[in-house]
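S.K.: The opening position of the sequence shown corresponds to residue 4 in my numbering, with each subsequent residue numbered one higher.
First the structure, which I've put down as C-alpha coordinates, then a few questions once you've had a look.
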Amino acid sequence: MTPSFADEVRARLPAALHLPDAFAAVFDWAEAQGQRDVFRRGDSADFGSHYLSIYPPGQMEAAGASYVIFNFEAGPPIHAPGEAMLARIATVAKIAGDGGRLGFWCDADGVQQIVVFNHGIPYVLTADPVVAVQFLGLGYPEPACLEDPTISPEEEMAFPGAPPLMLPLGYRDFLTARFGRPLPRTAADLGLRIPAFDDSDPLRDWMEAETQDPDPSTVPGLTADNPFVVSADLAAKLGPEGLAAIRSAYPFVKIET
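As C-alpha coordinates, then:
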(Lines of atoms letter the chains of each structure in order from A and count residues from 1; the text may use other names and numbers.)
(Lines give C-alpha, C1' and ligand atoms only; values in the text may rest on other atoms or scores of the structure.)
Protein backbone atom coordinates (compact mmCIF):
# COMPACT_ATOMS: atom_id res chain seq x y z
CA MET A 1 0.00 0.00 0.00
CA THR A 2 1.37 3.41 -0.98
CA PRO A 3 1.93 5.65 2.07
CA SER A 4 -0.17 8.79 2.24
CA PHE A 5 1.39 12.14 1.39
CA ALA A 6 1.09 13.13 5.05
CA ASP A 7 2.86 9.97 6.22
CA GLU A 8 5.62 10.49 3.65
CA VAL A 9 6.20 13.99 5.02
CA ARG A 10 6.16 12.78 8.63
CA ALA A 11 8.80 10.18 7.82
CA ARG A 12 11.12 12.84 6.40
CA LEU A 13 10.81 15.60 8.98
CA PRO A 14 13.77 16.00 11.34
CA ALA A 15 13.23 15.04 14.98
CA ALA A 16 12.78 18.68 16.03
CA LEU A 17 9.74 19.12 13.76
CA HIS A 18 6.28 17.58 13.50
CA LEU A 19 3.50 17.70 10.94
CA PRO A 20 0.71 19.86 12.42
CA ASP A 21 -2.78 18.36 12.39
CA ALA A 22 -4.07 21.20 10.21
CA PHE A 23 -1.53 20.43 7.49
CA ALA A 24 -2.16 16.68 7.77
CA ALA A 25 -5.88 17.30 7.32
CA VAL A 26 -5.27 19.44 4.25
CA PHE A 27 -2.93 16.84 2.77
CA ASP A 28 -5.43 14.04 3.35
CA TRP A 29 -8.25 16.10 1.83
CA ALA A 30 -6.27 17.02 -1.30
CA GLU A 31 -5.14 13.43 -1.77
CA ALA A 32 -8.72 12.16 -1.39
CA GLN A 33 -9.76 14.60 -4.13
CA GLY A 34 -7.27 13.04 -6.55
CA GLN A 35 -5.02 16.10 -6.43
CA ARG A 36 -1.74 14.25 -5.87
CA ASP A 37 0.61 13.89 -8.83
CA VAL A 38 4.25 13.83 -9.93
CA PHE A 39 5.96 16.82 -11.54
CA ARG A 40 6.67 16.62 -15.26
CA ARG A 41 10.05 14.99 -15.83
CA GLY A 42 9.95 13.95 -12.18
CA ASP A 43 10.75 10.50 -10.86
CA SER A 44 7.73 8.81 -9.27
CA ALA A 45 10.12 6.80 -7.07
CA ASP A 46 11.41 10.06 -5.57
CA PHE A 47 8.97 11.60 -3.08
CA GLY A 48 10.54 15.00 -3.78
CA SER A 49 8.88 14.82 -7.21
CA HIS A 50 5.40 14.31 -5.72
CA TYR A 51 3.02 17.17 -5.06
CA LEU A 52 -0.49 18.02 -3.92
CA SER A 53 -2.51 20.78 -5.56
CA ILE A 54 -5.18 22.87 -3.87
CA TYR A 55 -7.05 22.85 -7.20
CA PRO A 56 -8.79 20.01 -9.05
CA PRO A 57 -6.72 18.29 -11.76
CA GLY A 58 -6.21 20.55 -14.75
CA GLN A 59 -6.76 23.84 -12.90
CA MET A 60 -3.44 24.24 -11.07
CA GLU A 61 -1.74 26.02 -13.97
CA ALA A 62 -4.77 27.98 -15.15
CA ALA A 63 -4.48 31.75 -15.51
CA GLY A 64 -5.49 33.45 -12.29
CA ALA A 65 -4.82 30.41 -10.09
CA SER A 66 -2.96 30.85 -6.82
CA TYR A 67 0.55 29.37 -6.83
CA VAL A 68 0.27 26.91 -3.94
CA ILE A 69 1.73 23.42 -4.44
CA PHE A 70 2.44 21.17 -1.48
CA ASN A 71 5.83 19.52 -1.98
CA PHE A 72 8.47 18.43 0.53
CA GLU A 73 12.09 19.60 0.71
CA ALA A 74 14.53 19.04 3.55
CA GLY A 75 16.09 22.17 5.01
CA PRO A 76 15.68 25.75 3.80
CA PRO A 77 15.79 26.65 0.07
CA ILE A 78 19.35 27.94 0.14
CA HIS A 79 22.64 26.62 -1.18
CA ALA A 80 24.40 24.13 1.09
CA PRO A 81 22.54 24.68 4.38
CA GLY A 82 24.46 23.57 7.43
CA GLU A 83 23.55 20.69 9.73
CA ALA A 84 21.83 23.00 12.23
CA MET A 85 19.45 24.27 9.55
CA LEU A 86 18.73 20.78 8.22
CA ALA A 87 17.91 19.70 11.78
CA ARG A 88 15.42 22.52 12.41
CA ILE A 89 13.91 23.52 9.05
CA ALA A 90 11.90 21.75 6.35
CA THR A 91 9.59 23.15 3.70
CA VAL A 92 6.30 21.64 2.57
CA ALA A 93 4.96 23.96 -0.13
CA LYS A 94 6.01 25.95 -3.18
CA ILE A 95 4.19 29.28 -2.97
CA ALA A 96 5.87 31.35 -5.68
CA GLY A 97 7.08 30.63 -9.17
CA ASP A 98 10.63 31.75 -8.38
CA GLY A 99 11.15 29.14 -5.68
CA GLY A 100 9.47 30.85 -2.74
CA ARG A 101 8.45 28.24 -0.18
CA LEU A 102 6.56 27.72 3.06
CA GLY A 103 7.73 25.42 5.81
CA PHE A 104 8.43 24.74 9.47
CA TRP A 105 11.19 25.96 11.77
CA CYS A 106 11.90 24.91 15.36
CA ASP A 107 12.92 28.19 16.96
CA ALA A 108 15.44 28.78 19.74
CA ASP A 109 12.74 28.20 22.38
CA GLY A 110 11.69 24.89 20.85
CA VAL A 111 8.47 26.31 19.38
CA GLN A 112 7.56 25.23 15.86
CA GLN A 113 6.91 28.23 13.61
CA ILE A 114 5.44 28.33 10.12
CA VAL A 115 7.86 30.30 7.96
CA VAL A 116 8.08 31.74 4.46
CA PHE A 117 11.07 32.06 2.16
CA ASN A 118 10.40 34.95 -0.24
CA HIS A 119 13.08 35.07 -2.96
CA GLY A 120 15.16 33.17 -0.41
CA ILE A 121 14.55 35.86 2.25
CA PRO A 122 13.04 34.16 5.31
CA TYR A 123 10.51 35.35 7.84
CA VAL A 124 8.20 33.91 10.48
CA LEU A 125 4.59 33.87 9.29
CA THR A 126 2.75 32.45 12.31
CA ALA A 127 2.86 29.75 14.96
CA ASP A 128 -0.78 28.81 14.24
CA PRO A 129 -1.04 26.07 11.59
CA VAL A 130 -4.72 26.82 10.93
CA VAL A 131 -3.89 30.45 10.15
CA ALA A 132 -1.13 29.23 7.81
CA VAL A 133 -3.38 26.93 5.77
CA GLN A 134 -5.99 29.71 5.66
CA PHE A 135 -3.36 32.11 4.32
CA LEU A 136 -2.71 29.66 1.49
CA GLY A 137 -6.41 29.69 0.62
CA LEU A 138 -6.90 33.46 0.33
CA GLY A 139 -6.11 33.42 -3.38
CA TYR A 140 -2.98 35.55 -3.58
CA PRO A 141 -1.32 34.81 -6.95
CA GLU A 142 2.06 34.07 -5.31
CA PRO A 143 1.71 34.09 -1.51
CA ALA A 144 5.47 34.12 -0.88
CA CYS A 145 5.79 37.36 -2.85
CA LEU A 146 3.16 39.24 -0.85
CA GLU A 147 4.66 42.39 0.69
CA ASP A 148 1.58 44.25 1.92
CA PRO A 149 -0.76 42.00 3.93
CA THR A 150 -3.48 44.68 4.00
CA ILE A 151 -4.29 44.34 0.30
CA SER A 152 -6.64 41.66 -0.98
CA PRO A 153 -5.83 39.17 -3.76
CA GLU A 154 -8.22 41.10 -6.01
CA GLU A 155 -6.32 44.32 -5.36
CA GLU A 156 -2.99 42.62 -5.98
CA MET A 157 -4.27 41.45 -9.37
CA ALA A 158 -5.72 44.84 -10.31
CA PHE A 159 -3.40 45.65 -13.20
CA PRO A 160 -4.01 45.92 -16.96
CA GLY A 161 -4.24 42.55 -18.66
CA ALA A 162 -4.43 40.55 -15.44
CA PRO A 163 -6.54 37.38 -15.70
CA PRO A 164 -9.58 37.00 -13.46
CA LEU A 165 -8.74 35.64 -10.03
CA MET A 166 -9.49 31.92 -9.76
CA LEU A 167 -10.00 31.11 -6.10
CA PRO A 168 -9.43 27.53 -4.86
CA LEU A 169 -13.10 27.13 -3.96
CA GLY A 170 -13.02 23.47 -2.93
CA TYR A 171 -10.00 24.07 -0.70
CA ARG A 172 -11.64 27.11 0.88
CA ASP A 173 -14.88 25.22 1.53
CA PHE A 174 -12.90 22.41 3.16
CA LEU A 175 -11.04 24.84 5.44
CA THR A 176 -14.25 26.51 6.59
CA ALA A 177 -16.01 23.20 7.22
CA ARG A 178 -13.04 21.62 8.98
CA PHE A 179 -11.88 24.47 11.20
CA GLY A 180 -15.06 26.53 11.57
CA ARG A 181 -13.29 29.75 10.72
CA PRO A 182 -14.46 31.81 7.74
CA LEU A 183 -11.72 33.01 5.42
CA PRO A 184 -11.22 36.78 5.48
CA ARG A 185 -10.27 39.05 2.57
CA THR A 186 -6.66 39.76 3.45
CA ALA A 187 -3.64 38.30 5.21
CA ALA A 188 -3.78 41.18 7.69
CA ASP A 189 -7.30 40.08 8.62
CA LEU A 190 -5.71 36.80 9.74
CA GLY A 191 -3.45 38.81 12.04
CA LEU A 192 -0.42 38.34 9.80
CA ARG A 193 2.42 40.80 9.46
CA ILE A 194 5.10 40.58 6.77
CA PRO A 195 8.42 42.16 7.76
CA ALA A 196 10.19 44.50 5.37
CA PHE A 197 13.43 43.43 3.74
CA ASP A 198 15.58 45.23 6.31
CA ASP A 199 13.45 44.44 9.38
CA SER A 200 14.65 42.15 12.13
CA ASP A 201 12.99 38.73 12.18
CA PRO A 202 13.65 35.73 14.46
CA LEU A 203 14.25 33.29 11.60
CA ARG A 204 16.47 35.73 9.69
CA ASP A 205 18.51 36.44 12.80
CA TRP A 206 18.90 32.74 13.62
CA MET A 207 19.89 31.76 10.09
CA GLU A 208 22.40 34.60 9.89
CA ALA A 209 23.98 33.44 13.15
CA GLU A 210 24.15 29.87 11.85
CA THR A 211 25.60 30.80 8.47
CA GLN A 212 29.35 30.32 8.40
CA ASP A 213 31.63 32.29 6.12
CA PRO A 214 33.00 30.08 3.34
CA ASP A 215 36.54 28.74 3.51
CA PRO A 216 38.58 31.34 1.55
CA SER A 217 40.56 28.57 -0.12
CA THR A 218 37.39 27.35 -1.85
CA VAL A 219 36.55 30.74 -3.38
CA PRO A 220 38.43 31.55 -6.60
CA GLY A 221 40.50 34.70 -6.33
CA LEU A 222 40.94 34.83 -2.57
CA THR A 223 44.14 32.78 -2.29
CA ALA A 224 47.27 32.35 -4.41
CA ASP A 225 46.60 28.62 -4.74
CA ASN A 226 43.13 29.22 -6.18
CA PRO A 227 43.27 32.37 -8.34
CA PHE A 228 40.41 33.86 -10.33
CA VAL A 229 41.21 32.68 -13.85
CA VAL A 230 40.49 34.89 -16.88
CA SER A 231 40.85 33.35 -20.32
CA ALA A 232 42.95 35.12 -22.95
CA ASP A 233 39.86 35.77 -25.08
CA LEU A 234 37.94 37.27 -22.18
CA ALA A 235 40.94 39.38 -21.15
CA ALA A 236 41.10 40.81 -24.67
CA LYS A 237 37.41 41.67 -24.58
CA LEU A 238 37.59 43.24 -21.14
CA GLY A 239 40.59 45.41 -21.87
CA PRO A 240 42.69 47.19 -19.24
CA GLU A 241 39.71 48.80 -17.51
CA GLY A 242 37.78 45.56 -17.23
CA LEU A 243 40.80 43.67 -15.91
CA ALA A 244 41.45 46.44 -13.40
CA ALA A 245 37.88 46.04 -12.12
CA ILE A 246 38.39 42.29 -11.66
CA ARG A 247 41.70 42.84 -9.86
CA SER A 248 40.01 45.31 -7.53
CA ALA A 249 37.50 42.61 -6.56
CA TYR A 250 39.87 39.63 -6.33
CA PRO A 251 43.34 39.74 -4.74
CA PHE A 252 44.61 36.89 -6.91
CA VAL A 253 43.92 36.92 -10.66
CA LYS A 254 45.54 34.75 -13.32
CA ILE A 255 45.38 35.70 -17.00
CA GLU A 256 45.66 32.65 -19.24
CA THR A 257 47.95 32.96 -22.25
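All C-beta atoms in this analysis are idealised placements derived from N, C-alpha and C, irrespective of residue type, glycine included.
As the structure is a prediction and not an experimental result, all values here were calculated from the model.
#1: Per the DSSP calculation, residue 54 is bridged to which residue(s)?
#2: One question on the structure: do residue 68 and residue 105 come within less than 9 angstroms of each other, judged by their Cβ atoms?
#3: Does DSSP put residue 64 in a helix, a strand or coil?
#4: Which whole-angstrom value describes the C-beta separation of residue 120 and residue 140, a residue pair presumed to lie in contact below a C-beta threshold of 8 angstroms?
#5: Between residue 25 and the rest of its own chain, which residues show a CB-CB distance below 6 angstroms, the 5 nearest in sequence each way excluded?
#6: Could I get the ranges of all uninterrupted alpha helix (DSSP H) runs contained in the stretch 183-221, with 4 residues as the minimum, in chain order?
#7: Residue 136 lies in the alpha helix (DSSP H); which residues open and close that run?
#8: If you count every other CB in all the chains shown that lies within 10 Å of the CB of residue 89, and 16 or more means buried, which is it?
#9: What is the rounded straight-line gap between the Cα of residue 221 and the Cα of residue 79?
#10: According to DSSP, residue 74 sits in a beta bridge with which residue or residues?
#11: To the nearest angstrom, report how far apart residue 186 and residue 225 are at their CA atoms.
#12: Can you say whether residue 82 is buried or exposed, counting buried as having 16 or more other CB atoms within 10 angstroms of its CB?
#13: Of the residues 34, 50, 98 and 38, which one's Cα is nearest the Cα of residue 16?
#14: Who pairs with residue 178 in a beta bridge, going by DSSP?
M.R.: Considering the structure as presented:
#1: 40
#2: no
#3: coil
#4: 19 angstroms between Cβ atoms; not a contact.
#5: 132, 133 and 136
#6: 205-213
#7: 132-138
#8: exposed
#9: 22 angstroms
#10: Answer by DSSP bridge pairing: none, since residue 74 is not bridged.
#11: 53 angstroms
#12: exposed
#13: 50
#14: Residue 178 is not bridged to any residue.
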